[in-house]
Amino acid sequence: MRDRNVYVAGAAGAAVAVLALFVFAFVFPVDWVVALVDQLDTSLLSAALRLSVPIAFAALGGIFAEKSGVINIGLEGLLIASAFTSIAVAWALQGSVAPTTAAWAGFGAAVLASTLLAALFAVVTIRYEADQIIAGLAVWLVALGFAPFASQIIWDSVNSPAVPTLNNWVAPGLVDIPVLGPAVFDSNPTVYLMLLAVPVSWYVLNRTAFGRWVRASGENPKALDTAGVNVRRVRYASVLLSGVFSGIGGAGLALGQVGQFIGSGQTMVAGRGWIGITAYLMGNYNPIGAFASSFLFAGLNALQFRVQQISELNIAPSLVQMVPFVAVIVVLALVGKTRIPDAAGDHYESGDD
Amino acid sequence: MAVSSLAVHLDSITKRFPGVVANDDVDLRVEEGSVHALLGENGAGKTTLMNVLYGLYEPTEGVVRLDGEAMDFDSPRDAIDAGVGMIHQHFMLVDPMTVTENVVLGNEPRKWGGLAVDRLASRKAVVDLAEKYGFDVDPDAAIEDISVGEQQRVEILKALYRGADVLILDEPTAVLTPQEVEELFAVFEELTSQGKTIIFISHKLDEAMNAADDITVLRDGVNVGTVDANATNREELAELMVGREVLLDVDKPSVSTGSSALSVSELTVRDERGVVAVDGVSFDVREGEVFGIAGVDGNGQSELVEAVTGLRTPAAGSVAFDGEDITRASRRSRIARGMAYVPEDRQERGLVMDYDLVENGLLGKQHDPAFAPNGRIDWEGTYEHVTDVIEEYDVRPPDPSASAKSLSGGNQQKFIVGREFSQDPEVVVASHPTRGVDIGSVEFIHEQLLDLRARGKAVLLVSSKLDEVQSLSDRLAVVHDGEFVDVVDPATTTEEELGLLMGGESVGTVDAAPARGDDA
Numbered sequence: 001m002r003d004r005n006v007y008v009a010g011a012a013g014a015a016v017a018v019l020a021l022f023v024f025a026f027v028f029p030v031d032w033v034v035a036l037v038d039q040l041d042t043s044l045l046s047a048a049l050r051l052s053v054p055i056a057f058a059a060l061g062g063i064f065a066e067k068s069g070v071i072n073i074g075l076e077g078l079l080i081a082s083a084f085t086s087i088a089v090a091w092a093l094q095g096s097v098a099p100t101t102a103a104w105a106g107f108g109a110a111v112l113a114s115t116l117l118a119a120l121f122a123v124v125t126i127r128y129e130a131d132q133i134i135a136g137l138a139v140w141l142v143a144l145g146f147a148p149f150a151s152q153i154i155w156d157s158v159n160s161p162a163v164p165t166l167n168n169w170v171a172p173g174l175v176d177i178p179v180l181g182p183a184v185f186d187s188n189p190t191v192y193l194m195l196l197a198v199p200v201s202w203y204v205l206n207r208t209a210f211g212r213w214v215r216a217s218g219e220n221p222k223a224l225d226t227a228g229v230n231v232r233r234v235r236y237a238s239v240l241l242s243g244v245f246s247g248i249g250g251a252g253l254a255l256g257q258v259g260q261f262i263g264s265g266q267t268m269v270a271g272r273g274w275i276g277i278t279a280y281l282m283g284n285y286n287p288i289g290a291f292a293s294s295f296l297f298a299g300l301n302a303l304q305f306r307v308q309q310i311s312e313l314n315i316a317p318s319l320v321q322m323v324p325f326v327a328v329i330v331v332l333a334l335v336g337k338t339r340i341p342d343a344a345g346d347h348y349e350s351g352d353d
Numbered sequence: 354m355a356v357s358s359l360a361v362h363l364d365s366i367t368k369r370f371p372g373v374v375a376n377d378d379v380d381l382r383v384e385e386g387s388v389h390a391l392l393g394e395n396g397a398g399k400t401t402l403m404n405v406l407y408g409l410y411e412p413t414e415g416v417v418r419l420d421g422e423a424m425d426f427d428s429p430r431d432a433i434d435a436g437v438g439m440i441h442q443h444f445m446l447v448d449p450m451t452v453t454e455n456v457v458l459g460n461e462p463r464k465w466g467g468l469a470v471d472r473l474a475s476r477k478a479v480v481d482l483a484e485k486y487g488f489d490v491d492p493d494a495a496i497e498d499i500s501v502g503e504q505q506r507v508e509i510l511k512a513l514y515r516g517a518d519v520l521i522l523d524e525p526t527a528v529l530t531p532q533e534v535e536e537l538f539a540v541f542e543e544l545t546s547q548g549k550t551i552i553f554i555s556h557k558l559d560e561a562m563n564a565a566d567d568i569t570v571l572r573d574g575v576n577v578g579t580v581d582a583n584a585t586n587r588e589e590l591a592e593l594m595v596g597r598e599v600l601l602d603v604d605k606p607s608v609s610t611g612s613s614a615l616s617v618s619e620l621t622v623r624d625e626r627g628v629v630a631v632d633g634v635s636f637d638v639r640e641g642e643v644f645g646i647a648g649v650d651g652n653g654q655s656e657l658v659e660a661v662t663g664l665r666t667p668a669a670g671s672v673a674f675d676g677e678d679i680t681r682a683s684r685r686s687r688i689a690r691g692m693a694y695v696p697e698d699r700q701e702r703g704l705v706m707d708y709d710l711v712e713n714g715l716l717g718k719q720h721d722p723a724f725a726p727n728g729r730i731d732w733e734g735t736y737e738h739v740t741d742v743i744e745e746y747d748v749r750p751p752d753p754s755a756s757a758k759s760l761s762g763g764n765q766q767k768f769i770v771g772r773e774f775s776q777d778p779e780v781v782v783a784s785h786p787t788r789g790v791d792i793g794s795v796e797f798i799h800e801q802l803l804d805l806r807a808r809g810k811a812v813l814l815v816s817s818k819l820d821e822v823q824s825l826s827d828r829l830a831v832v833h834d835g836e837f838v839d840v841v842d843p844a845t846t847t848e849e850e851l852g853l854l855m856g857g858e859s860v861g862t863v864d865a866a867p868a869r870g871d872d873a
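Residue numbers (the numbering used here), protein chains in the order written: chain A, 1 to 353; chain B, 354 to 873.
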């Protein structure tokens, strides 16, 4: 209940802020304010949804893993691995099959790669009881090092050439709905997947027996064990799910938006996995809240890109780039308490006393 | 009660662990529809025996029979399927989930071809079960919002939901108030009247005699006798348990009290979350007096003790030692002044589990010139001192180089008590000094406390064991929700009255005067 109130208050606050901006622009037609208001259009909404994809999928994956008691901070690494794999496979196939087929093959390969990496993480942390934080960091560092390295070997550069991408799907009829139509129903397939995955994740967590086991496994694994459910199996399944979700997210970023792999610096993923962790914490492990947080961040990010283009606004771009991150900190402070699962981070050995 | 057949028959069970015989040819017969108490000291093998029945351990020798049929349990799963349910001492509940969700966990009714939990059916199953056995639980409440007594009923419902006919309860009353204990025993009656069989583990004589039909006593892994609860008495049971005669009633000679040694006034303490845990409490502990504090765990006792001993800074109020203010004095200076402290959690606060007993024996004395002249530790002297403590307090095994973790809980406790009391303290703060200790050692620790009192020392005793605080204290404060509900004379207050006070109800008629005249 309290959760819901926070979201309602947040949404109302955002609406009031936007409205105030419009009123302000109307009353005081200062150049840069008008220019700013001009940016708030349908294509911004569409861009925000697109930018949400990697963040929201990483967040959904993180929710399942952590709810089951395994803190997966390797999400960033899973995104990098899947982004790279998707481009590499699409690139390899692009000459021999149709571009769409190549892109979808890349997508499938990305999900597989991310899931395998997550499986490795699961074995190390669940079976061999390695520290979850250290193993998660290792996943990130391995991906961060390996992807540009492989890129260098394949393409002689940390960046790949352009590859076929996943084209937008237009939903006939629905696309004619004003505002919402062009923003939502002329989107990349991965955006639709995200809009489907969020409610389905919520449903699985809250309405299915498996979801209850996941929650029990993260709160009190012993209770679950004595109830006759195999805790390890539940945790493996949850961590693998985090791999599947991150794989979709990474492929969505690479094939749905960028169309190439960029391996310089922090790679093209550039912290989206970390933001995903923040997003699910902000959403208090609720998939819907996590999506809202991802969307907020992505929306501010999209806006930030455009604000940099406003010539009337003479602000250093690096300051503008900070806005989404500052906003995240402010919202984190306002949202208040996140309830971390009691047994998150703890190993569980059946029969331990 | 018309009992006819044996619901459970543990047929000559022997369970050996490497180097230890936990159960030695134990024969346990439990009649259907009866309440059977399994009584014994710590380490007598009660829990091991029940774990055999519950399928956690396979017996080395012997057979488990249910309704006359030999069983071969590989895991608790098999035992559950055969109708055996176990309620562990630490509840196996998921705190943020509701009562219903916990009861059906792992066996959720499904709908839509298994895609969803049938929440209506779950709730109905729980409500029906609760109604059938007369339980008072809210099926929609979260576990973290209900009382410990209710949580225990949820555990029982869980077992019943899984079809248990035989219920094993491990020390079920350890965490309950006296009223909740009464309620639990009423639940036992309701369950047995409907044909269920109950076995409960205990080391409390009274409760075995009150609640059980039959009592089996284990000592050192051996069944030393099964008796009819109506045809026995405390003395007989105690002797069976310990193997020698035990003085159950503390013989408390009158001691003249001196001036105030420890004085606490208007003390307010906040817990980790910043919530007021102790709310303006004032009291004095005089020389030659045991001042008891009774209450259900978690009503501010821990925070109060921490503030007195210097482990937590109080939000307001003061603590004085021999008239000198020590509210903000460091732990070290309190030790130096002669304040001994027996912490409530021996493994968390009392000992370093990986240290041996010599190192543990030094803890708190590392600054004492007697143990560390010129800033260097005198290990040989410490070794001798620890050897004396071990001998005097009968710590087993009597090996100073044993690590603390290799000792049983009762022996760890005896060691801590010995370490603290051997320093000839002026004030002793003892928090649950006999928690988890068997009655032989309880008797010993009680004697030590009374000995300190006789020597004119001040003792602040916190315990959730009513009989303990009642028999040892000269004055007894009852704490509820961070406040003293009342300060009573334990000799003239009944357990029922104390129980009500512990629940926060004020009993106006109790005389709050000290047991003896001031400065006699």
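Ideal placement from N, C-alpha and C gives every residue a C-beta, glycine not left out.
May I ask which residues mark the beginning and end of the beta strand (DSSP E) holding residue i?
i	result
A783 (chain B)	V780 to S784
E836 (chain B)	E836 to V841
I366 (chain B)	L359 to F370
A830 (chain B)	R828 to H833
I509 (chain B)	No beta strand (DSSP E) holds I509 (chain B); the alpha helix (DSSP H) holding it covers V501 to Y514.
E422 (chain B)	E422 to M424
G633 (chain B)	V629 to R639
If residue i sits next to residue j, beta carbons under 8 Å apart, how far is it from one beta carbon to the other, in whole angstroms?
i	j	result
R806 (chain B)	V812 (chain B)	6 Å
L60 (chain A)	R272 (chain A)	Going by Cβ atoms, the distance from L60 (chain A) to R272 (chain A) rounds to 13 Å, so no, they are not a contact pair.
V320 (chain A)	Q304 (chain A)	5 Å
P531 (chain B)	F553 (chain B)	P531 (chain B) to F553 (chain B), Cβ: 17 Å. No contact.
I366 (chain B)	M594 (chain B)	The pair is not a contact, with the Cβ atoms about 19 Å apart (cut-off 8 Å).
E384 (chain B)	A360 (chain B)	7 Å
R306 (chain A)	Q39 (chain A)	5 Å
I73 (chain A)	G145 (chain A)	Not really, about 17 Å apart at Cβ, beyond 8 Å.
P492 (chain B)	T451 (chain B)	7 Å
R50 (chain A)	Q257 (chain A)	6 Å
Taking the alpha helix (DSSP H) that residue i belongs to, which residues open and close that run?
i	result
R690 (chain B)	R684 to R690
L303 (chain A)	P287 to V307
M282 (chain A)	R272 to M282
V373 (chain B)	Careful: V373 (chain B) lies outside any alpha helix (DSSP H), inside the beta strand (DSSP E) at V373 to E384.
E592 (chain B)	R587 to V595
R235 (chain A)	V231 to L253
A65 (chain A)	T42 to K67
H799 (chain B)	I792 to A807
For the candidate residues the options, whose alpha-carbon lies nearest to that of residue i?
i	options	result
D741 (chain B)	B:L710, B:G648, B:Y407 and B:E384	B:L710
D518 (chain B)	B:V575, B:V447 and B:G436	B:G436
G265 (chain A)	A:L51, A:G181, A:A209 and A:S157	A:S157
P172 (chain A)	A:S82, A:S187, A:S151 and A:A119	A:S187
L520 (chain B)	B:T585, B:E394, B:M403 and B:S358	B:M403
W274 (chain A)	A:L180, A:S46, A:A183 and A:I71	A:I71
G874 (chain B)	B:E497, B:R623, B:A582 and B:G578	Because chain B is modelled from 354 through 873, residue 874 (chain B) falls outside the range shown and cannot be assessed.
A113 (chain A)	A:G228, A:A143, A:I277 and A:Y128	A:A143
F64 (chain A)	A:V234, A:L180, A:A254 and A:V191	A:V234
Notebook entry, point to check: Between the region 665-675 of chain B and the region 838-845 of chain B, do three or more beta carbon pairs fall short of 8 Å?
Noted result: no
Next item on the list: Mind the definition here: the region 119-139 of chain A touches the region 198-214 of chain A only if three or more C-beta pairs lie below 8 Å; say whether that holds.
Entry: no
Next item on the list: Check whether the region 432-441 of chain B touches the region 404-418 of chain B, taking contact to mean three or more Cβ pairs, one atom from each stretch, closer than 8 Å.
Entry: yes
Margin query: To test your reading of the DSSP string, which unbroken alpha helix (DSSP H) runs of 4 or more residues are found completely within the region 141-194 of chain A?
Written below: 180-184
Notebook entry, point to check: At a cut of 8 Å, does the region 238-250 of chain A reach the region 90-97 of chain A through at least three beta carbon pairs?
Noted result: no
Notebook entry, point to check: Counting Cβ pairs, one atom from each stretch, are 3 or more of them under 8 Å apart for the region 678-696 of chain B and the region 775-784 of chain B?
Noted result: yes
Item checked: Completely contained beta strand (DSSP E) runs for the region 695-777 of chain B, where each covers 3 or more residues -> none
Next item on the list: Give a yes or no on contact between the region 382-399 of chain B and the region 567-575 of chain B, applying the rule of three or more CB pairs nearer than 8 Å.
Entry: yes
Note to self: What ranges does the alpha helix (DSSP H) occupy inside the region 429-490 of chain B, keeping only unbroken runs of at least 4 residues that lie completely in it?
What the structure shows: 429-434, 452-457 and 472-485
Next item on the list: Take every Cβ of the region 824-832 of chain B, pair it with every Cβ of the region 660-669 of chain B, and state whether three or more of those distances are shorter than 8 Å.
Entry: no
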